[in-house]
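Here the structure is laid out as structure tokens; the discussion comes afterwards.
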Amino acid sequence: MKYSIEFIKGLSALTEGDYEKASVHLKNASLERGDRIEAYFAAGLVFRKNKQYDRATYVLESILRSADIDPSTKRALTVELGRVMFDAGNYTIAHSLLEMATDKDSSILRAKTLRRLNKFEEAANTYKAIAKAEKINLDDEIGYCYYRCALETSGSRQSKFIKNALKYIPKSRCINMMHIDNNIAAGKSSKALVDIERFMSEELPVSMDDMLKFQTVFFDMKRTEEMFRLVMKRIQEGSSNPFFYIFAMNRLLQGENPEKAMEIIDLYLERFGFNNSIAKASLKLRGNKFLELLIEDANFYRCSNCESEFKIYTDACTNCQAFETLRPI
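Heads up: the sequence shown begins at 0 in numbering that gives the first Met the number 0, then just goes up one per residue.
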């Protein structure tokens, strides 16, 4: 088999990291024989991998300007150019190019592009179409897009988006909390209480802010003790949510029952071991200088996706942007 010298020189230049030289040789290889387009295309892939987006764009556009490429090759090259544009942050151009996508991965990238362009309803519809065509589960992606739609709207339209979001992510803390807030704002306090009870039964509270918000709703309806009973029921059923135990401890302290409050904290430690939020709360019951110093610099949440740690809860990890992945530590 006869090999192209230009192709060999191009590959050699790639191994040496001389991308400019590789680009020249691989282009020459593609020009001397029609079946060398893949060699030049390989250079474009290397440029994208090394975040040299201008060079990758030049390579792909050069091939696309060739008059003798067939439609299927042109489509594949156009989609690859869309990937380059996405990686480079040119989302509007990327979306236009990715319209030609037919495979699963490229179609999902098109949906991600719509998200970057804040076109969340269109992104949700795109994810739904992909999920149906490919028979894959994209519920988290669809639900998140509807959640973002709800954030940007109000009234009946917001309610519709919340309902759609919950259909796909029924145990999302953010979406359920928005649903509760909607009912409270609409004066549907009784319905909000039902939603809060379900929220708690599904272990969704992630901070004392959540618990105090719910306490306010119960207080306004003159049903404060009902929330305490609900929390104690969750604890008796073996809940691992530290904020139920902290809430119960605080209520027992208010009732001047420090012994019972300490029992609640000890029960958590016996069941689940050390937790920074529990440790911090326990300082109200018994002083411990070493523990105070330890907790002073401690983080209270860890992202299950990237392992980054944080002092406060956020709906999206500030490091990797993953949605609802922070867990108490």
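Backbone N, C-alpha and C fix where the C-beta goes; we use that ideal spot for every residue, glycine too.
Since the structure is predicted, the reported quantities are computational estimates derived from the model, not experimental observations.
Residue 174 is not a Cβ neighbour of residue 194, given a cutoff of 8 Å. Using a Cβ distance threshold of 8 Å, residue 92 and residue 84 count as a contacting pair. Ranked by Cα distance from residue 3, the options 160, 13, 27 are led by 27. Annotation for residue 169: no beta strand (DSSP E) segment contains it, and DSSP assigns it neither H nor E. Three or more Cβ pairs drawn from the segment 119–126 and the segment 142–152 lie within less than 8 Å of each other, which places the two stretches in contact. In the displayed model, residue 309 falls within a strand according to three-state DSSP. For residue 247 and residue 156, the gap between their C-alpha atoms comes out near 38 Å. For residue 80, no pairing in a beta bridge is given by DSSP. Under a 10 Å Cβ-count criterion, residue 153 is classified as exposed, with fewer than 16 other Cβ atoms of the shown protein chains found around its own Cβ. Beta-bridge partners assigned by DSSP to residue 302: 325. Distances from the alpha-carbon of residue 268 to those of 61, 198, 238 put 238 closest.
Annotation for residue 138: 167, 168 place their beta carbon closer than 7 Å to its own, counting only its chain and skipping 5 residues before and after.
Cβ contact annotation for residue 5 (same chain, cutoff 7 Å, sequence separation greater than five): 24, 27, 28, 31, in chain order. Residue 255 and residue 283 have their C-alpha atoms roughly 13 Å apart.
For residue 115 against residue 90, the beta-carbon gap comes to about 4 Å, under 8 Å, which counts as contact. Within the same chain, and ignoring the five residues on either side of residue 72 in sequence, the residues whose Cβ sits closer than 8 Å to its Cβ are 36. C-alpha of residue 250 to C-alpha of residue 203: approximately 20 Å in a straight line. Residue range 138–150 is occupied by the alpha helix (DSSP H) that includes residue 150.
Per DSSP, residue 273 lies in no alpha helix (DSSP H) and is assigned neither H nor E. CA-CA distance, residue 15 to residue 82, rounds to 25 Å. Counting only the Cα atoms, residue 60 lies some 56 Å from residue 241. Around residue 129, the same chain offers 103, 106, 107, 110, 135, 137 as residues with beta carbons nearer than 8 Å, after the five sequence neighbours per side are excluded.
With fewer than 16 other CB atoms across the displayed protein chains lying within 10 angstroms of its CB, residue 270 is exposed.
The alpha carbon of residue 117 has as its nearest neighbour, out of 94, 231, 101, 318, the alpha carbon of 94. Listed in chain order, the alpha helix (DSSP H) runs fully inside the segment 187–264 are 188–200, 207–219, 223–235, 241–253, counting runs of at least 4 residues.
Apart from sequence neighbours up to five positions away, no residue of its chain approaches residue 7 with a beta-carbon distance below 7 Å.
By alpha-carbon distance to residue 186, the top candidate from 216, 159, 43, 321 is 216.
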